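Positions 38 to 724 (this note's numbering) are the ones given, in order, by the sequence shown.
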Amino acid sequence: MDTLATTCGYLDKANTTYVLQNDVSSAGTCFAVIAPNVVLDLNGHTVTYDNGAPVTLANGDFESATGTSPSGWDLSTAPNAQRAAGTYIQPVSVYSGSYAVKFSVPAGDQYLRSTVPVTLEPNTTYSLSGMVYNRVNDSISLSIELDGTSVKAVKTGQTWRGFQYINASFTTGPATETRTILVRLVGAGGAADGSVYVDDIRIQRHKVAGVVVGPASWRIPNIVSDVNRYGSAPGVIIRNGRIVQGQGTSDYSPAVTVEENSGNDYVIRDLEIRVHGANSKAVSSYSATNARIHDNVIYHDTKTIVSRDSFDGAAIKIEYSGSGSHFFNNTVKTGVQTALYANSKAGEIPHRVYGNTISLQTKYTNDFAIVANGSLVYENVVDCGSGSNSCRGIWAGGTGTKVYNNTVSVQQLPRNQEYNGCELSGAYGIQSELSYDVEVYGNTVTANAGVCEAHAFRANPYENGVAAGEHISVHDNTFIALASGSARASAVKIAAADAGVLDIRNNILESNRQWFHFDGRAVGLVFTGNTFKTAAPLDSPFYPLTDYNWNGTLYPENVMFLDNRYPGCATAALFTAASVRYLSANDPYASYLYAWPLTVQVKDDQGQSVPSVLVEIDDKDGNLVLTGTTDTAGTVLMVLSEYKNVGGVKTFLNPYTVRVMRNGVSISGQLVIDSESSKVPYTMQFN
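Here it is as structure tokens:
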């Protein structure tokens, strides 16, 4: 049954399709779905939510002034405060624009006051907010207060991740209110010499949405602030139109938000979504079971988030792990951290993430385009490798994750306040961290390093020196790392791992700077059948293997490069000439083996294969190094090292002696293992 809709309101008829007849607008939330199996068909129209007149707070960004005193503010009770020019990074001293209020410390308790009152509407939930920055002392408190009330947004202690968003929500009474704002400094009397900052003070509506699905009366505070009717609404479908955040710029105000008990079987499709309020998302849902989010175009223009650890900067965020949902064919055009955050619940049907195209312009840490632990992630395009685009690519975390057939291009740009420039360690195309039973294959990843470093693939199966991941298979990918500046660029970066945890084989590794970089202890890893290529402009000198052994314990030990492949002899020579470098010298602790597979074939005097005989191999010094037993075809596969490199000193291990014993008869022979001899079986025949 279809119902024509012409205004914002409650959708309360179960099993009903509401068809929008015209564009609609609301000062706060537009639609609240409070019945199951509702279809909201926007019918090509636009829903503009959060479109009330914004609260005017004069010069809340401190961009205008007379001298060092910001216009609209009284600094007579803040002797250590002044309006100061600054920069977003290097050094971090403003959040937006060119100016902030700076308190020079140590200083006594003090405050500044706005001189132009703000007018607040009755019965409205607002958020008083601002950006604060303190890297001086943990005793310091910076607060923004609504004078004459108990409303106070405060941060005590240092803000380790750049300017920190602080806010306090409040609801006005039945009458219009006028208020002034205080900015207060407390606890800085014993601080070291330095400066702390306040910027971008605002008042805006708080927690509204374009469409809220299933608001629940038991949740306090509610997921939106301006509904008074409630009801579970599983199975909702929202489709075919535009949902746009308006001029109100409210914080915590997603285009679509889904309550926990309505997280089953919903569909969000064929929408254009635009949001820009602080900590606001395109789609926010507590859960997703058998949901479908697809064929949407998303402009996630939110610039400010609260927590990068919680992925508050995700355009689509599913808070809790779920199952059986599909996220596909979405195009995410903009964003400051993440496009999709949706983890799968262990032991249940995994989510599928596929066919999405993502471009981000990140400035927060943990900026992976896709975070979908335990899910199947395939055939996506991450376009963050050029121009103003930047991000990390795909986080292959959790248990049972498969990441395959994706095309990923990444870079980092120096606009991360937490690290005062480049994000720590730069860009990763695909990362596997603390993961179990993960498979990464068929991907093409390009990592571009300029000012900031970049790595096409990164593995970190360890945490605090203890294995926290295993069975990570990385095969048949193309990993490309290209350096155009001075920063590190590697095709593969390994933080810490040992044999049996990580298997990297049959990949193409291409770089003009580094093929492998180790920034943790790596013991006994075997890299099998990988093809090594160079790219232009090639570094000269070229140091393709590096580590970060700053304390004498973080180096590769007896890692093995087995059955390397090259496009030509020149590239092979570059590898065999390489030692593991730390800074400007060979790392004296680092070691690797350069090895080849060898099939030993045993035949009798009639030329027939001989199964179940013992094959032993000694090194050039007569030490037994390998034993094996022939299979039913009379063969046994061995791995022999051509040389070992320790601290830049190569020790050649050829020739080897092969011995076979059968019925009391022993035969032996010598062989030299290299790329050519490994191509054909080594035959031992009894006469």
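Every residue gets a Cβ at the ideal spot worked out from N, C-alpha and C, and that includes glycine. It should be emphasised that the depicted structure is a prediction, and the values quoted were computed from it without experimental measurement.
For S705, the three-state secondary structure derived from DSSP is strand.
Pairing Y289 with S130 gives a Cβ-Cβ distance that is not under 8 Å. In the three-state reduction of the DSSP assignment, S206 falls in the strand class, which pools E and B. When DSSP states are grouped into helix, strand and coil, F612 belongs to the helix group.
The DSSP assignment places complete beta strand (DSSP E) segments of no fewer than 3 residues inside the stretch 637 to 674 at 651 to 655 and 661 to 666, in order along the chain.
Judged by their CB atoms, S469 and A433 are nearer to each other than the 8 Å cut-off.
Taking C-beta atoms under 8 Å as the contact rule, I710 and N724 fail to qualify, at a distance of about 25 Å.
Taking each of S360, S324, A229 and R306 in turn and checking the Cα distance to N367, the smallest one comes out for R306. Residue environment: L461 is assigned as exposed (fewer than 16 neighbouring CB atoms within 10 Å of its CB, all protein chains considered). Judged by their CB atoms, Y267 and P252 are nearer to each other than the 8 Å cut-off. For R329, the CB contacts under 6 Å within the same chain, skipping 5 residues up- and downstream, are V304 and H363 in chain order. Looking at the DSSP output, I310 sits in a beta bridge with I280 and I335. A direct Cα-Cα distance of roughly 12 Å separates A144 from S176.
In the three-state reduction of the DSSP assignment, N88 falls in the coil class. When C-alpha distances from T85 are compared across G226, A610 and S63, the shortest belongs to S63. Between S269 and P73, the beta carbon gap of about 7 Å places them in contact (Cβ cut-off 8 Å). With the rule of 3 Cβ pairs closer than 8 Å, the stretch 196 to 203 does not count as touching the stretch 246 to 264.
Scanning the stretch 318 to 375 for uninterrupted beta strand (DSSP E) segments of 3 residues or longer gives 320 to 322, 329 to 331, 334 to 337, 351 to 355, 363 to 365 and 368 to 371, listed from N- to C-terminal end.
Rounded to the nearest whole angstrom, the C-alpha separation of R150 and G104 is 17 Å. Taking a cut-off of 8 Å on C-beta distances, the stretch 367 to 381 touches the stretch 401 to 408, as three or more cross pairs fall below it. Rounded to the nearest angstrom, the Cβ distance from S141 to E100 is 20 Å, too far for a contact under 8 Å.
Residues of the same chain with a CB within less than 6 Å of the CB of T294, apart from the 5 flanking positions on each side, are A246, V249, I260 and S321 in chain order.
In the three-state reduction of the DSSP assignment, K716 falls in the helix class. When rounded, the separation of the alpha-carbon atoms in Y719 and V475 is 36 Å. Around V673, the same chain offers V637, V652, G665 and T667 as residues with beta carbons nearer than 6 Å, after the five sequence neighbours per side are excluded.
For T215, the enclosing beta strand (DSSP E) covers residues E214 to R216. The stretch 220 to 231 makes no contact with the stretch 45 to 58: fewer than 3 CB pairs, one atom from each, lie closer than 8 Å. Minimum Cα-Cα distance from S108 among the listed residues P116, T114, G89 and D98 corresponds to D98. Nearest to V273 by C-alpha distance, out of D87, L591 and V70, is V70. Taking the Cα positions, T217 is about 17 Å away from L179. Between the stretch 570 to 586 and the stretch 534 to 544, the count of C-beta pairs closer than 8 Å stays below three; the two stretches do not touch. With a minimum length of 4 residues, there is no unbroken run of alpha helix (DSSP H) contained wholly in the stretch 166 to 197. Taking 8 Å as the cut-off, the beta carbon of L94 is found no closer than this to the beta carbon of I257. Nearest C-alpha to R550 among K530, N567 and A559: K530. DSSP places N298 in the helix class (H, G or I) of the three-state scheme. Between T583 and P625, the alpha-carbon positions lie close to 12 Å from each other.
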